[in-house]
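Numbering of the sequence shown is given in this note's numbering, commencing with residue 2 and proceeding in unit increments.
Where is the CB? At the ideal position from N, CA and C, for every residue including glycine.
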Amino acid sequence: MMNQMMNDDDVRVLAIDPTKSYIVTAPAGSGKTALMIQRILRILAEDEKLEKPDQLVAITFTNAAADELRVRLLTKLDEARKNEKLDEANEYEVKTRELANAVMKRDAKEDWKLLEIPERLKICTIDAFCKEVLTHHAQRTGLGTVPSVADPEGETTEVYREAAKMTLETSGRSEEEGNRINRFLKIYGYNRRLAIDDLSKLLAAREQWRDAVKRVDESTNGDVEFCIANAKRVFAELSKIVDFEKVINIFTENNCLNEVIHFCKQAQEHGSFKTECYKCLEDKNAENLVTDLCEEDKEGLLLGFKQLLFSGDEYRKTRGITVSCGFPKEAEAKKERQNFATRCMECRKCKAYFEGINIEIVEAYSVARKDAKYSTNENDRSTDFKSLLAVVGVLPILLKSLEDQWIARGVLDFTAVADKAVEALGELTDKENRTRHLMVDEFQDSSKRQYQLIKAITRQWKSRNDGRTLFVVGDPMQSIYRFRQAEVELFINACQSKSIGDFEVDDTLTLNKNFRSRKSLVEWYNGAFSHILGDVASPETGAVRYTQAVGVRDDDAETTENVSCRKDVYTLEDKDDKKAMADRSLWHVAQLVKEWTEQHPAADDDAKCAILVRNRNYLGNVLSYLRKEGIPYQAIEIDKMNKRQVIIDLISLTRALCMENDTVAWLSLLRAPWCGLTLAQLEQFTPNENKSESKADNAEDATPADVQRTVWEKIEKLKDSPEFRDTRLRSFYDVMFKSHAAALQASQFTLLVEQTWLELGGPATVEDESDLEGVRQYLNILYKLEQDGHITSNERLVAAVEHLYAPPDQNADAQKVQVMTIHKSKGMEFDTVILPTLDKSAGGRDSTALLKWCWIGNQFVCAAGKVSQEKIEDAKESLYYKALVSLINKRKEENESRRLLYVAATRAKNCLRMVYGYKENQSPNLFATMIEGIETPKEDITEMVKNSQNDEALDVTQDFTDAGKKVARLSKDWELEIDDVAIPEGTIEGADDGDAVDDEHYSVGDKRRIPDWLGKFAAGSPARAIGTVVHAWLERMAKDGTEKLIDDDDKLIRTALRQNKVYREDELNSSEKIVKDALQHVIQEHPEMLRRHDEDYYEYALTSPKDNRFQNKIIDRLWRKGSHWTIVDYKTTNLEGDSEEHLTDKISGAEYDKQVIEYGEIIQKRFNVSSSEVSRYLYFPLMNKLAKIPEDGEITIVDRIEE
């Protein structure tokens, strides 16, 4: 690298040269975003061939990163335009202002209007860029029209399943395809459902394997040729691992080969684990061992060596080298055994070799060797080969079926969008490819498809001397998205070759300053991660080289954290309950957070503390502990909504309305607060074939049909009984009777579920606003399932709800303590970082159940995950190819775990705490092993953790079997009133009946007022619904150019009102009339709002700077006629009062006028027109009032818009 002898400041000067192309390694805290901003500014200012700003493309991998880069860039430009005060001592700020001033001069000269039209800066995610490419060049891909992008968790999954189903259809296919499908189904014993499940999962990951198998169908025996080539690749890779000559050389170098052979022969004669593998040594010695042994003998002998020297994956200790291993039992042989053991253990090369060798690897080597040599003969093929052949043969059919599904539905998933974008870019001529400068952020997170996209953009950039540049920034140490197909080896290879595809960069650069963490932490990073990550990069295993950092921030004498890094470790003993100890350690974590909050009490203190975990499931009860301590926190995609009672009740309600015979769902509804039956009361509704239903059912006359009744049928049977009257059950029945009948023919099932939940009293059971947001999200999911025709699929409903998370608390105090996964924290920073449960295993991700694969450099190696069965009843055999795939993937996973720890640790600015358990004489997981080996201040918290076992503070769970607690119930007189304000006051009662509830929230006689914000969800807000519907109709009519209501509008308006929670018939009628009257006013008195003009915009979105930040705004209606622009902002508020003076006062009081004036200023700048060429209006359709808003002067009420 050019910059190995350069300091960091000089490297940054080089990096922003607009004529050069670089690959930049930017470790954590090195200020890469700031560097990208300076480079963008310099290109905009100095590249004379840059005709338009959008010829510079900056690509990121997340919307958050794109937004941050865009806002920070625009802020620098806005500060330059306003000539705001500058910190002259800050060299970066001075240089950035200088560049921003140059850009603003060119902006004025070229009339770019970057601040008025920020969209001209093409800063976007890679997905957004691909969609834009398709928008402009769809015809080049054969699509014709631009397809929409399918919902990743909805329609996409459905498309995968339909494609899988189509794949297994044999009708209309050729004989060869039919044979392939039949051969594939044998793997599953002809169980199509399982086959469809696995094929669907395989399609979701097709980006990884598709290119490797795309030529399978190009020749008659393409599948066989692929499998033969794969066998040769497997054999070649295993040969590097199972290298007999290598281990013989290791023994020779250590002067112990003869002894190894001697003791192997002893083992053959005396050992308790006698094996045939040593027989080949009978007439052999060290001199002719390599040349004289056949391959089968070598393979067997390797296992013999390991069996002799190792116990599992560890060297046999001196005491483990005994007679049972084949060593002589004579006393005089003891010293000989000890010497042998010592010398073997000192041979580190030998240990490293045998750690990668096991029975499966050697067997895989043997199987692949035979397949690579003899696979042209069907009778000599292994089970691995046959199984892989069965899978590979059907993959082209699967991909073709998927393509047909995309075309039929007119949608694509993100992978398909990227494919089509690459295809379109490949068709562009050099002149058509307008991109002059390409910048890629977080390049270490690129997948192979995204890498292909970069190659396609730069495909025709023949020379580095024509002014076009490529600038990629990333940090291989922060590559942690392998589960999203990110491949860190792409970055490693690009740095080593100094190229991406055919385009060579000028050089590779490395930043080394860390502006985030204090110096003592940076020094710890250097010591710890140079050991954890190492200093050698390996594309094959995903190992990366650690880049030493230089701390910039001095340790602050005023900081409350005296120790920058500390390990809090508790020792585990055999008698300890590991799971219980881990949970108690989380109580310790809560105490650490409590201490931190006490040290940072000031509301204006912007310090933040984060709890970061690898997996959401590792948090245990830590959130409950924080709540117990009264510590507000912000959980980012941590708190799953499907664990909230309100969502559980909604799922039960949905299932009950879908399926009358779903006993569990109906019993759950009876248990919920709107009914609140005790466990004893529930028994009479529980099916039981061994006894009568209940006393009320007249047990003596009970028939088998009575016993088999559904819960609903039992409720109906009780409805006329005396004990049924004046009970919650009666109210429940009245609501469910209507809904149960309506469910049979409901055309809008989601609406029915929502209405039923409201009438039962669902809003009164909501704990807080995050619950309410969960309800909204749930109903959206239900609506999507309904639209896709899967409303009755409980499996799909549960799977969809699995991805619902409680929204993070936006309270300022809550933002001080944040809880999230390590992956979510990437790109963020916190004053203190706490890493709990580091002793938890990470778990692996090994391709799919059907096909296992890995990339070793540019070589694709795969194995079948299932055995091909000649007969359905055949027992499944072992597969050996996948031993190699699993070994390579395991190494890559371990290396990514090392990087994950680096990302977590480097989020800290001042203090890092690591909490984990450690068991002596037993290998912990990788995280604990890595940390335990690093010199770090350490505190033993074993006693603290154990002593917390009986701490009452740990009791955060509810025991639902204890008597004496209370069941949650709504008050008997609770009812839903539909009005314009909110749900009325309600109560939650408690009853001593042996059922459990949370006493803190539900106690006898405790009345809880329904919060005002629940009014947002009330069925009774007709005014709000009217406003929403009127607004939507005005937009639709203007877009369609329609100046009248069409025949279907009556029905559609009524439906829209229902969708906006207006249910009662009288309110529906009155609301419908108000909507129609408002629309007729526009049609008759203001038709110019609906007509076509020279330019027309509806819901016109724009971005503008305000108060040192950028805001998104929407103009309801905008048009140009000639040179004059007209702005109309709809206000569906019904302002009371009839006089014009009263109305204008209301407009000013609500500051509606200021908003429209601001819109006018933006339009003036954007379209370069004067104030006199822009008219501004506010229109109140419910009042049929039109107000003209001047830039200066008084608001006036007018009859018509001036043409």
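Inset, instruction - Sort out for me which residues DSSP pairs M440 with in a bridge. - result: Mapped onto the sequence shown, residue 440 falls at position 439. In DSSP, M440 forms a bridge with A59 and F472.
Legend entry - Residues of its chain near F415, where Cβ-Cβ distance is below 6 Å and the 5 sequence neighbours each way are ignored: For the purposes of this step, residue 415 is taken as the residue at position 414 of the sequence shown. If we look at F415 and ignore the five residues flanking it on each side, its Cβ neighbours are D128.
Inset, instruction - In the DSSP assignment, find the unbroken beta strand (DSSP E) run with D584 in it and report its ends. - result: Taking the sequence shown and counting its residues from 1, the one referred to as residue 584 is at position 583. No beta strand (DSSP E) contains D584, which is instead part of the alpha helix (DSSP H) from K579 to Q600.
Legend entry - Where D18 falls: helix, strand or coil (DSSP): By 1-based counting over the sequence shown, the position of residue 18 is 17. In the structure shown, D18 sits in coil (DSSP, three-state: anything other than H, G, I, E or B).
Inset, instruction - Could you tell me the distance, in whole angstroms, from the CA atom of A864 to the CA atom of E1096? - result: Within the sequence shown, the letter at position 863 stands for residue 864. Within the sequence shown, the letter at position 1095 stands for residue 1096. Between A864 and E1096, the C-alpha separation is close to 59 Å.
Inset, instruction - Using three-state DSSP, classify V767 as helix, strand or coil. - result: Here residue 767 is taken as the residue at index 766 of the sequence shown, counted from 1. V767 sits in coil when the DSSP states are folded into three classes, being neither helix nor strand.
Inset, instruction - Tell me whether the beta-carbon of V754 lies closer than 8 Å to the beta-carbon of L654. - result: In the sequence shown, residue 754 corresponds to position 753, counting from 1. In the sequence shown, residue 654 corresponds to position 653, counting from 1. Yes, Cβ-Cβ distance for V754 and L654 is below 8 Å.
Legend entry - DSSP state of H804 mapped onto helix, strand, coil: Taking the sequence shown and counting its residues from 1, one reaches residue 804 at position 803. Three-state result, H804: coil.
Inset, instruction - Alpha carbon to alpha carbon, how far is A544 from K241? Give it in angstroms, no decimals. - result: As a first step, residue 241 must be located in the sequence shown, where it is residue number 240. As a first step, residue 544 must be located in the sequence shown, where it is residue number 543. Between K241 and A544, the alpha-carbon positions lie close to 18 Å from each other.
Inset, instruction - Select from K1155, L303 and N795 the residue whose C-alpha is nearest the C-alpha of F245. - result: The residue you call residue 245 lines up with position 244 of the sequence shown. The option with the nearest alpha carbon to F245 is L303.
Inset, instruction - Starting from N515, follow the beta strand (DSSP E) in both directions and report where the run begins and ends. - result: Start at 1 with the first residue of the sequence shown, and residue 515 comes out as number 514. Per DSSP, N515 belongs to the beta strand (DSSP E) from K514 to R519.
Legend entry - Host beta strand (DSSP E) of T1133 (start-end): Translated into the one-based positions of the sequence shown, residue 1133 becomes position 1132. First-last for T1133: undefined, no H or E at that position.
Inset, instruction - Starting from Y619, follow the beta strand (DSSP E) in both directions and report where the run begins and ends. - result: For the purposes of this step, residue 619 is taken as residue 618 along the sequence shown, with counting starting at 1. No beta strand (DSSP E) contains Y619, which DSSP labels as neither H nor E.
Inset, instruction - Confirm the yes/no value for this check: CB of N513, any heavy atom of the ligand NAP, distance under 7 Å. - result: Absence of the ligand NAP is noted for the structure shown, with no ligands found whatsoever.
Inset, instruction - Counting only the same chain and skipping the five closest in sequence on each side, list residues whose C-beta sits under 6 Å from that of T937. - result: Along the sequence shown, one-based indexing puts residue 937 at 936. Hits under 6 Å: C566 and K568.
Legend entry - C-beta contact flag for I648 and V802 at 8 Å: Residue numbering aside, residue 648 sits at position 647 when the sequence shown is read from its first letter. Residue numbering aside, residue 802 sits at position 801 when the sequence shown is read from its first letter. Against a cut-off of 8 Å, the Cβ pair of V802 and I648 comes out as a contact.
Inset, instruction - Classify Q819 as helix, strand or coil using the three-state DSSP reduction. - result: Within the sequence shown, the letter at position 818 stands for residue 819. Correct three-state label for Q819: strand.
Inset, instruction - Evaluate the contact criterion for the stretch 475 to 483 versus the stretch 500 to 511: three or more CB pairs, one atom per stretch, below 8 Å. - result: no
Inset, instruction - Kindly indicate which three-state DSSP category E260 falls into: helix, strand or coil? - result: Position 259 of the sequence shown holds residue 260. Helix, per DSSP.
Legend entry - Neighbourhood of S447 by C-beta, 6 Å cutoff - its chain only, sequence neighbours within 5 removed: If you number the sequence shown from 1, residue 447 lands on position 446. Contacts found: L491.
Legend entry - C281, enclosing beta strand (DSSP E) - first and last residue: By 1-based counting over the sequence shown, the position of residue 281 is 280. Note, C281: premise wrong, no beta strand (DSSP E); not H, not E.
Inset, instruction - Would you mind sorting F484 into buried or exposed? The rule is 16 or more other CB atoms within 10 Å of its CB. - result: Mapped onto the sequence shown, residue 484 falls at position 483. By the neighbour-count criterion, in which a residue is buried when 16 or more other Cβ atoms sit within 10 angstroms of its Cβ, F484 is exposed.
Inset, instruction - Given a cut-off of 8 Å, decide if K132 and V160 are closer than it, judged by their beta-carbon atoms. - result: As a working mapping, residue 160 is identified with position 159 in the sequence shown. As a working mapping, residue 132 is identified with position 131 in the sequence shown. Against a cut-off of 8 Å, the Cβ pair of K132 and V160 comes out as no contact.
Inset, instruction - Classify T384 as helix, strand or coil using the three-state DSSP reduction. - result: Position 383 of the sequence shown holds residue 384. Looking at T384 - three-state DSSP - the assignment turns out to be helix.
Legend entry - Contact under 8 Å by Cβ, P104 with A67: Locating residue 104 in the sequence shown gives position 103, counting from the first residue. Locating residue 67 in the sequence shown gives position 66, counting from the first residue. What sits at residue 104 in the sequence shown is Val, not Pro. V104 places its beta carbon 8 Å or farther from that of A67.
Inset, instruction - May I have the straight-line CA-CA distance separating R370 from L239, to the nearest angstrom? - result: Stepping through the sequence shown from its first residue, residue 370 is reached at position 369. Stepping through the sequence shown from its first residue, residue 239 is reached at position 238. For R370 and L239, the distance between alpha carbons rounds to 9 Å.
Legend entry - Opposing strand residues paired with A487 [DSSP bridges]: The residue labelled residue 487 in the question sits at position 486 within the sequence shown. A487 is bridged to S448.
Inset, instruction - Might you give, ordered along the chain, the residues of its own chain that have their beta carbon closer than 8 Å to the beta carbon of V1076, omitting 5 neighbours on each side? - result: Within the sequence shown, the letter at position 1075 stands for residue 1076. In its chain, beyond the 5 residues on either side, I1027, V1030, V1031, W1034, I1054 and L1058 have a beta carbon closer than 8 Å to the beta carbon of V1076.
Inset, instruction - Please confirm whether A636 and L624 have their CB atoms less than 8 Å apart. - result: The sequence position of residue 636 within the sequence shown is 635, counting from 1. The sequence position of residue 624 within the sequence shown is 623, counting from 1. The answer is yes: Cβ separation under 8 Å.
Legend entry - Cβ neighbours of C855 in the same chain (closer than 7 Å, five flanking residues each side left out): Taking the first residue of the sequence shown as 1, we reach residue 855 at position 854. Closer than 7 Å at the Cβ level, and outside the excluded window around C855, lie V862, V886, I889 and N890.
Inset, instruction - Would you kindly work out how many angstroms separate the C-alpha atoms of I362 and A884, rounded to a whole number? - result: Numbered from its first residue, the sequence shown carries residue 362 at position 361. Numbered from its first residue, the sequence shown carries residue 884 at position 883. If I take the Cα positions, the gap works out to 6 Å.
Inset, instruction - Going by CA-CA distance only, name the one from W597, N513, I24 and L115 that's closest to L627. - result: The sequence position of residue 627 within the sequence shown is 626, counting from 1. It is W597.
Legend entry - Same chain only: Cβ atoms within 7 Å of E1203, ignoring 5 sequence neighbours per side: Against the sequence shown, residue 1203 aligns to sequence position 1202. S1176.
Inset, instruction - Verify whether the separation of the beta carbon atoms of L100 and R43 is less than 8 Å. - result: Here the question's residue 100 lines up with position 99 in the sequence shown. Here the question's residue 43 lines up with position 42 in the sequence shown. Yes, the pair counts as a contact, with Cβ atoms nearer than the cut-off.
Legend entry - Euclidean distance between Cα positions of L70 and R1118: Taking the sequence shown and counting its residues from 1, the one referred to as residue 70 is at position 69. Taking the sequence shown and counting its residues from 1, the one referred to as residue 1118 is at position 1117. The straight-line gap separating the alpha-carbon atoms of L70 and R1118 is approximately 30 Å.
Inset, instruction - Pick out whichever of R40, H138 and N380 has its Cα sitting closest to the Cα of L426. - result: As a first step, residue 426 must be located in the sequence shown, where it is residue number 425. When only C-alpha atoms are compared, the closest one is H138.
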